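**Student:** Chains as they are written, first to last, in the numbering used here: chain A, 30 to 169; chain B, 30 to 169.
Protein chains: 2
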Amino acid sequence: MSTKFFINNEDQILRDTGLRVTKQRLAIVRVLFEAEDHPDAEQVLARARERDASVSQATTYRTLAALAEKGVLQTHTFDGGVTRYEVSNRPHHDHLIDIETGDVMEFVSEEIERLQRRVAAEHGYEIVAHRLELYCRKAS
Amino acid sequence: MSTKFFINNEDQILRDTGLRVTKQRLAIVRVLFEAEDHPDAEQVLARARERDASVSQATTYRTLAALAEKGVLQTHTFDGGVTRYEVSNRPHHDHLIDIETGDVMEFVSEEIERLQRRVAAEHGYEIVAHRLELYCRKAS
DNA sequence: AATGCTTGTGAGAATTATTCTCATTTAACT
DNA sequence: AGTTAAATGAGAATAATTCTCACAAGCATT
Chain A
30 MSTKFFINNE
40 DQILRDTGLR
50 VTKQRLAIVR
60 VLFEAEDHPD
70 AEQVLARARE
80 RDASVSQATT
90 YRTLAALAEK
100 GVLQTHTFDG
110 GVTRYEVSNR
120 PHHDHLIDIE
130 TGDVMEFVSE
140 EIERLQRRVA
150 AEHGYEIVAH
160 RLELYCRKAS
Chain B
30 MSTKFFINNE
40 DQILRDTGLR
50 VTKQRLAIVR
60 VLFEAEDHPD
70 AEQVLARARE
80 RDASVSQATT
90 YRTLAALAEK
100 GVLQTHTFDG
110 GVTRYEVSNR
120 PHHDHLIDIE
130 TGDVMEFVSE
140 EIERLQRRVA
150 AEHGYEIVAH
160 RLELYCRKAS
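(1) Indicate whether at least one CB of chain B lies closer than 8 Å to the CB of T106(A).
(2) Give the C-beta separation of D81(B) and A56(B) to the nearest angstrom, bearing in mind that I take them to be a contact with Cβ-Cβ under 8 Å.
(3) Buried or exposed for A149(A), going by 16 or more other Cβ atoms inside 10 Å?
(4) Quick one: using the 10 Å Cβ neighbour count with 16 as the cut-off for buried, is V137(A) buried or exposed?
(5) I want to verify the contact list: residues of chain A whose CB lies under 8 Å from the CB of Y164(B), in sequence order.
(6) According to the Cβ coordinates, are Q53(A) and T104(A) closer than 8 Å?
(7) Is it right to say D123(B) is buried, meaning 16 or more other beta carbons lie within 10 angstroms of its own, or is it exposed?
(8) Would you call the segment 142-156 of chain A and the segment 152-160 of chain B in contact, with 3 or more CB pairs under 8 Å?
(9) Output yes if chain A places a C-beta closer than 8 Å to the C-beta of S138(B); else output no.
(10) Considering only C-alpha positions, which residue in the set E135(A), R78(A) and Q145(A) is nearest to E135(B)?
(11) With distance defined between alpha-carbon atoms, name the residue in G100(A), A75(A) and L125(A) nearest to L43(A).
(12) Going along the chain, which residues of its own chain have a beta-carbon closer than 7 Å to the beta-carbon of L48(A), five neighbours each way excluded?
(13) Going by Cα to Cα distance, which pick from I128(B), E139(B), E129(B) and V111(B) is closest to H121(B)?
(14) Kindly indicate which residue of R59(B), R143(B), Y90(B) and D127(B) has the alpha-carbon position closest to the one of E71(B).
(15) May I have the straight-line CA-CA distance separating L93(B) from V111(B), to the nearest angstrom?
(16) Taking the Cβ atom as the reference point for each residue, do I128(B) and R166(B) lie within a distance shorter than 8 Å?
(17) Going by the beta-carbon positions, is the gap between H67(A) and R113(A) smaller than 8 Å?
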């Protein structure tokens with residue numbers, strides 16, 4: 030089991046998207062893949078710096094933009110806030126936001142997806158992407 | 030039919046929300062009520078200035094924020110762009126965005142709404158607001 | 001209509017998130 | 001190791017939005 034044969038996952042992700050593998054990018058990609066929330070650029074930068082202090086703000090924004098462009102990341106902008114990022118190789122899901130705590134939960138409803146496609150078709154369109162966000166408060 | 034009894038609609042909207050009636054605010058509110066699109070602050074300002082050249086950027090932002098806060102306006106931020114506004118006393122609807130032209134269409138699906146409420150309920154929540162956007166291209 | 005108190009206003013400065021510039025460094029291919 | 005194109009950090013630039021403050025205007029009361 031030489032390490033030679035176990036090249037980093039994150040390494041491969043960068044190569045696959047045609048990006049050169051740098052330590053800064055590796056730090057950023059690792060942060061994103063281990064994140065269980067939906068961090069914004071500032072949070073990604075802070076966490077990446079824990080791994081590699083040389084990561085700069087510019088590189089963070091550039092890398093996030095590049096990965097989003099290539100489809101590795103999804104971007105979200107919940108209700109007028111900052112852009113938040115999440116890896117998109119995970120199963121598709123929509124978001125339920127607790128408006129009191131800011132917590133973000135994920136859900137899927139194949140039924141809703143199907144109805145969305147029907148609505149689009151009725152207008153003569155096909156869906157490329159969609160966004161469904163439920164802003165909720167705890168049921169009384 | 031003295032005009033006395035027919036006070037401006039827009040006038041009343043401002044009073045109802047506890048805002049003083051100024052000529053700048055009237056211009057802004059009129060722009061919003063006659064708009065058939067989803068203008069951003071810059072567009073609202075430009076249109077309001079056609080009615081009253083004294084409207085400033087600061088007042089536009091302040092008035093839009095105040096009206097949104099009071100629930101008179103809805104705000105939208107389509108895919109990382111600028112904030113766009115629309116009056117919310119119109120029937121609820123979601124948005125279908127043509128990703129090639131940027132056109133925004135509106136639709137409603139009571140079926141989808143119902144499923145949304147069910148999803149929220151399953152998580153122990155009730156929906157305060159929601160956002161559903163379909164990013165589409167013309168069907169081939 | 002004049003008074004007074006409170007709120008709204010414009011101009012421009014300040015903030016915030018994000019993108020760009022450029023001189024230097026580094027990854028990847030020889 | 002040598003070459004070249006791409007990536008980097010620092011800080012400047014931009015864009016959208018919010019804030020500051022001195023002055024103006026709304027509105028309730030005379």
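Where is the CB? At the ideal position from N, CA and C, for every residue including glycine.
Nothing here was measured: the structure is a model prediction, and the numbers come from that model.
**Tutor:** Result, derived from the coordinates:
(1) Locating residue 106(A) in the first sequence gives position 77, counting from the first residue. Chain B, which has a Cβ nearer than 8 Å to the Cβ of T106(A), makes this yes.
(2) As a first step, residue 81(B) is located in the second sequence; it is residue number 52 there, counting from the start. As a first step, residue 56(B) is located in the second sequence; it is residue number 27 there, counting from the start. With 8 Å as the limit, D81(B) and A56(B) qualify as a contact, their Cβ atoms being about 4 Å apart.
(3) Within the first sequence, residue 149(A) is the residue found at index 120, counting from 1. Classification for A149(A): buried.
(4) The residue labelled residue 137(A) in the question sits at position 108 within the first sequence. Looking at its Cβ environment, which holds fewer than 16 other Cβ atoms inside 10 Å, V137(A) is exposed.
(5) What you label residue 164(B) is simply residue 135 of the second sequence in a count that begins at 1. I156, V157, A158, H159 and R160, listed in chain order.
(6) By one-based count along the first sequence, residue 53(A) stands at place 24. By one-based count along the first sequence, residue 104(A) stands at place 75. Cβ distance not < 8 Å, so Q53(A) and T104(A) don't count as in contact.
(7) Within the second sequence, residue 123(B) is the residue found at index 94, counting from 1. D123(B) should be labelled buried.
(8) no
(9) Indexing the second sequence from 1 puts residue 138(B) at position 109. It does; some Cβ of chain A falls within 8 Å.
(10) As a position in the second sequence, residue 135(B) is number 106, starting the count at 1. Of E135(A), R78(A) and Q145(A), the residue nearest in Cα terms is Q145(A).
(11) Taking the first residue of the first sequence as position 1, residue 43(A) is located at position 14. The shortest C-alpha separation from L43(A) is found at G100(A).
(12) Taking the first sequence and counting its residues from 1, the one referred to as residue 48(A) is at position 19. Taken in chain order, the residues that qualify are R54 and A95.
(13) Residue mapping note: residue 121(B) aligns to position 92 of the second sequence, counting from 1. Taking only the C-alpha atoms, the option nearest H121(B) is E139(B).
(14) One-based indexing of the second sequence puts residue 71(B) at position 42. It is Y90(B).
(15) Here residue 93(B) is taken as the residue at index 64 of the second sequence, counted from 1. Here residue 111(B) is taken as the residue at index 82 of the second sequence, counted from 1. Distance between the alpha carbons of L93(B) and V111(B) is about 13 Å.
(16) As a position in the second sequence, residue 128(B) is number 99, starting the count at 1. As a position in the second sequence, residue 166(B) is number 137, starting the count at 1. Contact flag set, yes.
(17) Here residue 67(A) is taken as the residue at index 38 of the first sequence, counted from 1. Here residue 113(A) is taken as the residue at index 84 of the first sequence, counted from 1. In this structure, R113(A) lies closer than 8 Å to H67(A) by Cβ.
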